[in-house]
Ligand SMILES: NC(=O)c1ccc[n+]([C@@H]2O[C@H](COP(=O)([O-])OP(=O)(O)OC[C@H]3O[C@@H](n4cnc5c(N)ncnc54)[C@H](OP(=O)(O)O)[C@@H]3O)[C@@H](O)[C@H]2O)c1
């Protein structure tokens, strides 16, 4: 058995292609004193990884060319010379796209043994759940009776943000890219209405779905969806700039037509945020998300792609809209049941 890794072969221009990624094999390493050897079970693919493929200054450093791509993952400790971990322990944290990886313990932590399924640690009770929680509640600050529109609504962040807005007594409208996604939002998650931005006339559909205008816009996508939403914002509306996936593969940022006159007329406030801005409150967020998830108040779906070799294509699936809920890659089964 050999180790395998997926490296960033070159920086993509536009949408990444097969030449962005390079598969390499090597021997499985032995842990040294203070290290653990982790067998990767699950890897999360996330839109922000596209930004890390560019050589630009951002809130996370770029992936170095020739090094493994990294992201959130879950793994099983298979050998340990680290005092905090034993073989069989499940860990989560920042992992390289490798079948096996060494860690000195920094950036990983045990998976909560009560969490079911464990993959919730990568989604609703993990980074994307926290993004929805702090973005909606702290940046958007929705009040009961207000209308909240969520773009990218059937994805990992959007589906949680919309449900949290419902729990806060709001009218919630989701925008997503297929009728199946709209059905999921309205029939399974309790959204009041859904708009398929690929087939509906966005501006008239938004007017119909939001008869009292829009008070809070939770934006995951940007682009033409956001342009249409901004026209329907109420005075003093809040725009939560969570992500702009429609722009991530653009070779040059789009400029104009500029909508800032609307911000003046309607006294709008748009605020960008990064989930790590709230790092000191992660325990609170995770506790509440876990309780809602466990009680069934907060529903979540996962889209699972099987096989390490399918990681690059799974990642590209985010830009095709392949996923409902959190998009995950299953790399391997655990070799033994997780210890409580
Ligand atoms: N600020 C933060 O700290 C933070 C943290 C996590 C994530 N984010 C951002 O939040 C957003 C959602 O992330 P996620 O992990 O939950 O991903 P996700 O929504 O689960 O997956 C991405 C979805 O975006 C939609 N999409 C792709 N291209 C699009 C386009 N051109 N126009 C409109 N929609 C498009 C697709 O759904 P459709 O079928 O609906 O098109 C796709 O399923 C991303 O922008 C991400 O960068 C921000």
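In our numbering, the protein residues as written are 1009 to 1348.
Every residue gets a Cβ at the ideal spot worked out from N, C-alpha and C, and that includes glycine.
At least 7 Å separates the beta-carbon of residue 1049 from that of residue 1077. Non-local beta-carbon contacts of residue 1037 in its own chain, meaning distances under 6 Å to residues more than five positions away in sequence, involve 1110 in chain order.
Cβ-Cβ separation between residue 1164 and residue 1127: approximately 11 Å, too far for a contact (criterion under 8 Å). Within 10 angstroms of the beta-carbon of residue 1009 lie fewer than 16 other beta-carbons, which makes it exposed. The way I'd put it, the region 1142-1159 does touch the region 1226-1234; three or more beta-carbon pairs between them come closer than 8 Å. Beta-bridge analysis with DSSP links residue 1250 to no other residue. No heavy atom of ligand 1 is found nearer than 6 Å to the CB of residue 1122. Rounded to whole angstroms, the separation of the alpha carbons of residue 1255 and residue 1263 is 11 Å. Between residue 1166 and residue 1158, the gap from beta carbon to beta carbon is short of 7 Å. No heavy atom of ligand 1 is found nearer than 6 Å to the CB of residue 1048. Per DSSP, reduced to three states, the secondary structure at residue 1104 is strand. In the DSSP annotation of this structure, the continuous segment of the beta strand (DSSP E) that includes residue 1011 starts and ends at 1011-1016.
Membership of residue 1227 in the beta strand (DSSP E) is indicated by the continuous run 1222-1227. Nearest neighbour of residue 1160 by Cα position, chosen from 1212, 1334, 1084, turns out to be 1334.
Under a 10 Å Cβ-count criterion, residue 1218 is classified as buried, with 16 or more other Cβ atoms of the shown protein chains found around its own Cβ.
Separation of the CB atoms of residue 1189 and residue 1169 is rounded to 15 Å, and the pair is thereby denied contact status at 8 Å. For residue 1239, there is no enclosing alpha helix (DSSP H), as DSSP gives it neither H nor E.
When 1067, 1047, 1276, 1301 are compared, the shortest CA-CA separation from residue 1097 is found for 1047.
In this model, residue 1337 and residue 1310 are separated by some 10 Å (Cα to Cα). Beyond the five residues adjoining it in sequence on each side, residue 1043 comes within less than 7 Å, by CB distance, of 1089, 1090, 1110, 1111, 1112 in the same chain, given in chain order. Per DSSP, the unbroken beta strand (DSSP E) holding residue 1204 starts and ends at 1201-1204. Residue nearest to residue 1093 within the set 1114, 1286, 1313, 1296 is 1114 (criterion: CA-CA distance). CA-CA distance, residue 1205 to residue 1184, rounds to 6 Å. Boundaries of the beta strand (DSSP E) harbouring residue 1045: 1044-1052, taken from the DSSP string. Of all C-beta pairs linking the region 1190-1199 to the region 1258-1277, fewer than three are shorter than 8 Å, placing the two stretches out of contact.
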